Each structure stands twice: as structure tokens, then as C-alpha cells.
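Step one of this worksheet: look at the structure below.
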Amino acid sequence: MKIFVYLLQILIIILAVVFLVQHHNQLVDIKILWFYTIPRVQLWAVILFSFTAGAVVAWMLMSFYIIRTRSETRALKHKNRQLLSELESLRNISLEEIPEDAIPETPPPAPKPLPVANSESQES
Numbered sequence: 000m001k002i003f004v005y006l007l008q009i010l011i012i013i014l015a016v017v018f019l020v021q022h023h024n025q026l027v028d029i030k031i032l033w034f035y036t037i038p039r040v041q042l043w044a045v046i047l048f049s050f051t052a053g054a055v056v057a058w059m060l061m062s063f064y065i066i067r068t069r070s071e072t073r074a075l076k077h078k079n080r081q082l083l084s085e086l087e088s089l090r091n092i093s094l095e096e097i098p099e100d101a102i103p104e105t106p107p108p109a110p111k112p113l114p115v116a117n118s119e120s121q122e123s
């Protein structure tokens with residue numbers, strides 16, 4: 000799977016380089032909303048800026064996600080350590096130390112259901 004991802008990345012890079020070589024002298028006008036225009040900017044600069052801006056935004060969003068998941072992981076590890084220490088302390092308690100009123104009573108077994116007569120046996 001990693002090889003497929005690497006090959007796909009290489010293919011995308013090759014296609015981007017071919018596109019940029021074919022359009023290296025192409026000039027474009029950038030219109031920002033409706034009130035500002037940047038005239039005659041090279042296409043490769045626009046593509047590079049757009050890619051960089053997208054990468055920065057993606058990095059910022061992923062960093063918030065990573066910080067949140069690390070915080071969750073830290074809290075769950077702390078809770079796990081607490082539960083393990085409680086489990087160990089409960090395993091080490093001898094039966095004589097447990098008071099009688101703390102032991103729940105065992106409920107009686109449920110009664111067996113009555114057999115249901117077949118409708119075929121009632122007809123004859």
C-alpha cells in the first residue's frame with residue numbers, strides 16, 4: 000500500500016512539473032472578490048502560492064486535531080492507571096476483610112417456563 004501511495008505522489012509531482020513547464024510564460028490576472036485586481040501574475044507563482052496557503056491551513060487544522068487527541072490519550076492513560084491500581088488493591092483484599100453486609104445476596108433461580116401445548120394435539 001505504501002508503494003502505491005509513493006507512486007501516486009510521484010505521478011502527481013511529474014504531472015505538476017509538466018503542467019508548469021508547458022505554462023511557464025502564462026500570465027493571469029488575480030481578482031480578489033470584486034474590488035481588487037492584481038494584474039499580470041505568472042501562473043506558476045499563483046499555483047505555488049495556492050499550494051503553500053492550502054498546506055499551511057491543513058497543517059493548522061491537523062495540529063489542533065493532534066493536540067486534542069494527545070490530550071484525550073493522556074487522560075485515558077491516567078484513568079487506566081487509576082483503574083489498574085484499584086483492581087490490584089481489590090485483588091489483594093482477603094475475604095475476611097470484606098464485611099458481611101457488603102456481599103450481595105444471590106437471587107433465586109428463575110422459574111422454568113410452562114410447556115406450551117401444540118395446536119395439532121388439541122384437534123384430535
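In numbering that gives the first Met the number 0, the protein residues as written are 0 to 123.
Idealized CB from N, CA, C, for every residue including glycine.
Remember, it's a predicted structure, so these values are computed and weren't measured experimentally.
State the Cα-Cα distance for the pair residue i and residue j, rounded to the nearest angstrom.
i, j, result
"Ala44", "Phe18", "13 Å"
"Pro107", "Ser84", "34 Å"
"Ile31", "Thr51", "18 Å"
"Leu42", "Leu75", "49 Å"
"Val55", "Leu82", "41 Å"
"Arg73", "Pro103", "36 Å"
"Ile11", "Val4", "11 Å"
"Gln93", "Arg67", "As written in the sequence, residue 93 is Ser, which differs from the Gln given in the question. Approximately 42 Å between the Cα atoms of the pair."
"Leu60", "Gly53", "11 Å"
"Lys1", "Trp33", "44 Å"
Is the CB-CB distance between residue i and residue j below 8 Å?
i, j, result
"Val16", "Leu26", "no"
"Ile46", "Thr36", "no"
Report task. Any chance you could list the beta strand (DSSP E) runs of at least 3 consecutive residues sitting entirely within the region 22-62, in chain order? Result -> 26-31 and 35-41
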